[in-house]
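Enquirer: In the numbering used here, the protein residues as written are 23 to 296. The C-beta atom is built at its ideal place from N, Cα and C for all residues, glycine as well. Can you read through this structure? Questions will come right after.
Shown next, in the form of structure tokens:
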């Protein structure tokens, strides 16, 4: 009986405790200890590692920052450009005038005409070699010709820009060279043969950039005379120069008449160096 009474007593005690004390919510307590030895990681332990978020770079967006536009000031002529073109044309007219005057005075026509023809043929070769050189070597920082190198190499990215360039803008760089080269010859030489060669050769070189621009034009927008000269082979044709802008971009460099292109390409004169 005493055991039964004792058994009845404990429930009564617990009941009193539970009625007098508030209910306690379970609380999870974490205990940590500091040890001098490095604990061995457990295979199933998951450690929380906080790292700075890696923000992926924004996707590359192709913009037209460096792409010339139709009304780009760099394609327009300035008064300085026009002045140099006038100076270049003046020296060329003096040279050709000296040739004609000398031929009339000496009654000599065949030699000056042949000299002019040779100048025309060699101008096409010279334009091709120069075009090849600045297409493949140097950059905008190259002394003296850096601006032309940058323009020609950029021309392969945006070929259409040459058709948007105004006349003096397109020719002024070559006109400056022609002025400083031909003017001394005009002053010291009066031989009609020499003047015929110099006049025709430098005229073709100076206007080669305009011939180049016409080679990028469309037939419907070109003057009929220009189209006729292109189809006759006097000026570099549109189809011939179009081959220069197709892979592998290492042929048809000549831009006066293009008469040398077949020979240079067939014999791989410039290709090994490109």
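(1) Beta carbon of residue 121, beta carbon of residue 239: below 8 Å?
(2) Mind checking residue 270: buried by the 16 CB within 10 Å criterion, or exposed?
(3) Would residue 278 pass as a contact of residue 258 if the rule is Cβ separation under 8 Å?
(4) Using the beta-carbon count (16 or more within 10 Å), is residue 163 buried or exposed?
(5) How many angstroms separate the CA atom of residue 288 from the CA atom of residue 224?
(6) Compare the Cα-Cα distances from residue 263 to each of 231, 199 and 245 and report the closest residue.
(7) Using the Cα positions of residue 245 and residue 216, report the straight-line distance between them to the nearest angstrom.
(8) Return yes when the Cβ of residue 261 is within less than 8 Å of the Cβ of residue 137, no when it is not.
(9) Assign residue 94 to one of two classes, buried (16 or more other C-beta atoms within 10 Å of its C-beta) or exposed (fewer than that).
(10) Quick check on DSSP: helix, strand or coil for residue 146?
(11) From 226, 159 and 254, pick the residue whose C-alpha is nearest to that of residue 142; which is it?
(12) What whole-angstrom Cβ distance do residue 178 and residue 275 have, given they're in contact under 8 Å?
(13) For residue 85, which of helix, strand or coil comes out of DSSP?
(14) How big is the Cα-Cα spacing for residue 235 and residue 193?
Expert: Quick answer:
(1) Remark: C-beta atoms of residue 121 and residue 239 do not approach each other more closely than 8 Å.
(2) exposed
(3) yes
(4) exposed
(5) 27 Å
(6) 231
(7) If you take the alpha carbons of residue 245 and residue 216, they lie about 32 Å apart.
(8) no
(9) exposed
(10) helix
(11) 226
(12) 12 Å between Cβ atoms; not a contact.
(13) Bear in mind that the predicted position of residue 85 carries a pLDDT of just 43, short of 50, making it unreliable; the figure below should be weighed with that in mind. It is coil, neither helix nor strand.
(14) The C-alpha of residue 235 lies about 11 Å from the C-alpha of residue 193.
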